[in-house]
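**Q**
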Amino acid sequence: MQTLFAELEALNPTLNPLKKASVNGDWSLDYTTSDTILGKGGFPRIGPIIQNIDTTTLSAKNSETVQYVLFPVPRSISAELSPVNGKLTDVKFKRFQLGPIGFDAPDSFRGSLDITYLDQDVRLTRGDKGNIFVLTRM
294 MQTLFAELEA
304 LNPTLNPLKK
314 ASVNGDWSLD
324 YTTSDTILGK
334 GGFPRIGPII
344 QNIDTTTLSA
354 KNSETVQYVL
364 FPVPRSISAE
374 LSPVNGKLTD
384 VKFKRFQLGP
394 IGFDAPDSFR
404 GSLDITYLDQ
414 DVRLTRGDKG
424 NIFVLTRM
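Take any residue in the sequence shown, count from 1 to its spot, add 293: that is its number in the working numbering.
(1) So, residue 321 versus residue 429, is the Cβ gap smaller than 7 Å?
(2) For residue 343, which option in 319, 363, 329 has the closest C-alpha, if you only look at C-alpha atoms?
(3) Are the CB atoms of residue 327 and residue 354 nearer to each other than 7 Å?
(4) Starting from residue 314, trace the beta strand (DSSP E) both ways and give me its first and last residue.
(5) Secondary structure at residue 344, three-state DSSP: helix, strand or coil?
(6) From residue 377 to residue 365, what does the alpha carbon distance come to, in whole angstroms?
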């Protein structure tokens, strides 16, 4: 998968994707190497992980539904974006939500995302911990 990912990155049709309106909106996470996002050892996931990006408000939100005992429970994390350049942004996680329970993220919950490919339907991103993400437009 890493090889295919790199080959597609080399064909990126969009310079400075963070400056394009087409990066905004809802994206479905179809593949990742991130154990944290995959939720290994956590609640079983029901349905897709959805990422919403809004570069006009410099915000992002990941949301999903997980199975808790017999009940589906919505879960999300919101973040603030601080673009470094036209494709790299720092990410400061702001708030976690699990059903009706919400709490602020610790100040140390930070990262960065490098958008390495963007077209109308597909977005490839590399995280600061070496993980890769394949997302498709919803």
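Where a beta carbon is used, it is the ideal one built from N, C-alpha and C, also for glycine.
The structure presented is a predicted model; accordingly, all values stated were derived computationally and were not measured.
**A** Answer, in terms of the structure:
(1) yes
(2) 319
(3) no
(4) Counting along the chain, residue 314 falls outside any beta strand (DSSP E), and DSSP gives it neither H nor E.
(5) In the three-state reduction of the DSSP assignment, residue 344 falls in the strand class.
(6) 37 Å
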